[in-house]
Amino acid sequence: MSAAANTTAVTFDASGLGEWTDVERFEVTGERIAEYAAATNDPIERHRRGEIAPPVFAVVPVFMSMAPAALSVAPVELLMKLVHGEQDFHFHRPIYPGDHLAVRAKPIGFTGRDNGSTVVIYAETRADDGELVNEQWMTAFFRKVDAGSAVGEKAPEHRFSESLREQAPAVEVGQHIDEDQTFRYSPASGDPMPIHLDEEIARMSGLPGIINHGLCTLAFTSWAALTELADGETERMRRLAVRFAKPVLPGQDISTRFWQAGNSIFAYETTVGDDVVLKDGLVVLS
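According to full-length UniProt numbering, the residues represented by the sequence shown are 1 to 286, in order.
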């Protein structure tokens, strides 16, 4: 049976495109930053002390805006079919303790595919004086539903150039995902999804068991990039983008290879054994 035969045609609501969610407000504390750093095994001391937020912490203030933005286009009954497909951060400055942030999100486009459909969500985070702190593009993937032809905008490109494989990686970093990683990451990030916490629900969802949060795995690769390529200087991270290809399980070892792709630009991918789990990774440093 073809993939298309397993896919259900569903109507997405294009009138929701461009409509902002309500503004959410978030007060940043050093304790919350330190908790997030500890939950992602981050070794950078300023992160551990709560003095400056790790790059992927930027998703915490916007997390509660993402699903409502996606479901203003996709039917709400598809919520349990939603998985995180891609993430792309553009950093204008780091987040610091004491920041009072205002965040909002909007769907900007959707595309139907044989194996599912994507909704691209754009989110912005501003300080209370209106300063733009970061921008994010999150691609939500709805499994086994077809929304038809593409409507609206796509997320910025960050595709890995296969020609890079002709050269040796600039650096390779091995890391270990702890058995209790998801139980630490969930409260630190504010992500309560049961597939990361409940073995039975994860298996009912067609997974081999509890899986690590994709953003937690991304946080691991972000601190690998900072420590190996930027002398641990969080301020130098300007962009971080990735596509989530396969789930990572607690207890697994991951390996991330970074290739030089330009001046202070690195493409990367992360593997578990021979399986690529993060694809089309991109790091841009200042």
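Even glycine gets a Cβ: it sits at the ideal position worked out from N, Cα and C.
As the structure is a computational prediction, the values presented were derived from the model and not from experiment.
Excluding the 5 residues flanking K246 on each side, which residues of the same chain have their C-beta closer than 8 Å to its C-beta? For the purposes of this step, residue 246 is taken as the residue at position 246 of the sequence shown. V272, D275, V276, V277.
Spatial neighbours of R184 within its chain, please: CB distance less than 6 Å, with the 5 preceding and 5 following residues excluded, ordered by chain position. Locating residue 184 in the sequence shown gives position 184, counting from the first residue. Contacts found: A39.
By the three-class DSSP mapping on this structure, what secondary structure does A4 have? The residue given as residue 4 occupies position 4 in the sequence shown. Residue confidence is low: A4 scores 49 on pLDDT, short of 50, so the model does not pin down where it sits. Its coordinate-derived value is still stated next. Helix at A4.
Distance between beta carbons of E153 and G109, contact taken as under 8 Å: Translated into positions along the sequence shown, residue 109 becomes position 109. Translated into positions along the sequence shown, residue 153 becomes position 153. G109 to E153, Cβ: 4 Å. Contact.
Considering only residues of the region 110-174, which uninterrupted beta strand (DSSP E) runs meet the minimum length of 3 residues and lie entirely inside it, listed in chain order? 116-127, 132-143
Does G262 come out as helix, strand or coil in the three-state DSSP assignment? Within the sequence shown, residue 262 is the residue found at index 262, counting from 1. Correct three-state label for G262: strand.
Are the region 131-149 and the region 180-198 touching by the rule of at least three beta carbon pairs closer than 8 Å? Of all C-beta pairs linking the region 131-149 to the region 180-198, fewer than three are shorter than 8 Å, placing the two stretches out of contact.
So, helix, strand or coil for Q181, using DSSP? Reading the sequence shown from its first residue, position 181 is the one you call residue 181. DSSP places Q181 in helix when its eight states are reduced to three.
Given G174, which residues of its chain have a CB within under 7 Å of its CB, disregarding the five upstream and five downstream residues? Here residue 174 corresponds to residue number 174 of the sequence shown, with the count starting at 1. Within the same chain, Cβ atoms closer than 7 Å to the Cβ of G174 are found at D253, S255, the five residues on either side in sequence being excluded.
Please name the residue or residues paired with R239 in a DSSP beta bridge. Position 239 of the sequence shown, counted from the first residue, corresponds to residue 239. Per DSSP, H90, V284.
Alpha carbon of E162 to alpha carbon of P61, nearest angstrom: For this step, residue 162 is matched to residue 162 along the sequence shown. For this step, residue 61 is matched to residue 61 along the sequence shown. Their backbone Cα atoms lie some 35 Å apart in a straight line.
With DSSP run on the structure shown, which of helix, strand or coil describes E77? The residue given as residue 77 occupies position 77 in the sequence shown. Three-state DSSP puts E77 in a helix.
Coil, strand or helix - F12 by DSSP: Working through the sequence shown from its first residue, we reach residue 12 at position 12. The answer is coil: DSSP assigns F12 none of H, G, I, E or B.
Buried or exposed, going by whether 16 or more other CB atoms sit within 10 Å of the CB of H196? Along the sequence shown, one-based indexing puts residue 196 at 196. Classification for H196: buried.
Would you report the Cα separation of E135 and P55, rounded to the nearest angstrom? Taking the first residue of the sequence shown as 1, we reach residue 135 at position 135. Taking the first residue of the sequence shown as 1, we reach residue 55 at position 55. Their backbone Cα atoms lie some 12 Å apart in a straight line.
If we count the other Cβ atoms within 10 Å of its Cβ and call it buried at 16 or more, is T11 buried or exposed? One-based indexing of the sequence shown puts residue 11 at position 11. Flag for T11 reads exposed.
Beta-carbon separation of E24 and M80 under 8 Å? By one-based count along the sequence shown, residue 24 stands at place 24. By one-based count along the sequence shown, residue 80 stands at place 80. Contact: no.
Where do the N-terminal and C-terminal ends of the beta strand (DSSP E) with R25 fall, by residue? For the purposes of this step, residue 25 is identified with residue 25 of the sequence shown, where counting begins at 1. 24-27 is the extent of the beta strand (DSSP E) around R25.
Mark V28 as exposed unless 16 or more other C-beta atoms lie within 10 angstroms of its C-beta, in which case mark it buried. The residue you call residue 28 lines up with position 28 of the sequence shown. Buried is the call here.
Around the C-beta of D88, are 16 or more other C-beta atoms found within 10 angstroms, so that it is buried, or is it exposed? For the purposes of this step, residue 88 is taken as residue 88 along the sequence shown, with counting starting at 1. By the neighbour-count rule (16 or more Cβ atoms within 10 Å), D88 is buried.
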